[in-house]
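Working notes, structure below.
Numbering (the UniProt record's numbering), first residue to last: 1 to 216.
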């Protein structure tokens, strides 16, 4: 027997879902609410195994965030996973343990609840792809590659000279430009690469030689 609490902003949705779940073998619904505060109190007092939270709307996602901000150790499955990437990421960041697609059958909702209790993270392929893309994009190597792609030809040229150990004055002399212009380029290079110092930018250039390639 698994105990569930249904949380969602739309009354008819949460009540119909709770009624259907109550009829499902091995399931006991111990509460239905539209209040994150009430859900948090339920979790603290007579905790359900899992909170099933409607995530189909921005209001639903907000309720999920409020529940976790209350600091309760809730296992949450987001129902009707958001169609937009931002909504999925917001739910994941809040602490959701699993997702169920909007077209999922009731048995899949129950299966997802059991999976979360086992420490698994059930989610539809679309949601999994979104999360994997975000994790990949957040890795330092991929951030560096994207940053390097934003360098102009002149910035790449100056970065190469920085890597050679030239000062701003020496770079200006080599390229026949003003020192102030070099300083502006260096500032842009550091900003784009997320580097604090010239030496850090040079180190990234050595790690990613493509930074030094001038298009053309």
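Backbone N, C-alpha and C fix where the C-beta goes; we use that ideal spot for every residue, glycine too.
On the criterion of 16 or more Cβ atoms from any shown chain inside 10 Å, does residue i qualify as buried, or is it exposed?
i: residue 99; result: buried
i: residue 192; result: buried
i: residue 56; result: buried
i: residue 209; result: exposed
i: residue 145; result: Residue confidence for residue 145 is low, a pLDDT of 48 falling below 50, so the modelled location carries little weight; the figure read from the coordinates is stated next. Under this definition residue 145 is an exposed residue.
i: residue 84; result: exposed
i: residue 178; result: exposed
i: residue 194; result: exposed
i: residue 107; result: exposed
i: residue 17; result: buried
i: residue 135; result: exposed
i: residue 53; result: buried
i: residue 81; result: buried
i: residue 14; result: buried
Within a Cβ cutoff of 6 Å, which residues of the same chain sit near residue i, ignoring the five residues on either side of it in sequence?
i: residue 87; result: 61
i: residue 70; result: 40
Which residue or residues does DSSP assign as beta-bridge partners of residue i?
i: residue 151; result: Its beta-bridge partners do not exist; DSSP assigns none.
i: residue 189; result: According to DSSP, which records beta bridges pairwise, residue 189 is partnered with nothing at all.
Considering Cα atoms alone, identify which of the options is closest to residue i.
i: residue 8; options: 19, 27, 39; result: 39
i: residue 73; options: 89, 1, 65; result: 65
i: residue 217; options: 23, 63, 45, 94; result: The structure shown does not extend to residue 217, since the chain is modelled only from 1 to 216, so the question has no answer here.
i: residue 182; options: 126, 167, 16, 54; result: 167
i: residue 102; options: 85, 78, 176; result: 78
i: residue 161; options: 154, 177, 171; result: 171
Rounding to the nearest angstrom, what Cα-Cα distance links residue i and residue j in this structure?
i: residue 199; j: residue 130; result: 35 Å
i: residue 284; j: residue 165; result: The chain is shown only over 1 to 216; residue 284 falls outside these bounds and no answer can be derived.
i: residue 124; j: residue 11; result: 25 Å
i: residue 97; j: residue 67; result: 13 Å
i: residue 89; j: residue 119; result: 20 Å
i: residue 176; j: residue 127; result: 52 Å
Here's a check: name, in chain order, each residue in its chain whose Cβ is nearer than 8 Å to the Cβ of residue i, leaving out the five neighbours to either side.
i: residue 30; result: 3, 4, 5, 42, 46, 48
i: residue 114; result: 2
i: residue 110; result: 2, 21, 24, 26, 27
i: residue 121; result: 97, 98, 115
i: residue 117; result: 2, 49, 50, 75
Cutting at 7 Å between CB atoms, please list the residues of its own chain near residue i, excluding the five before and the five after it.
i: residue 185; result: 154, 155, 158
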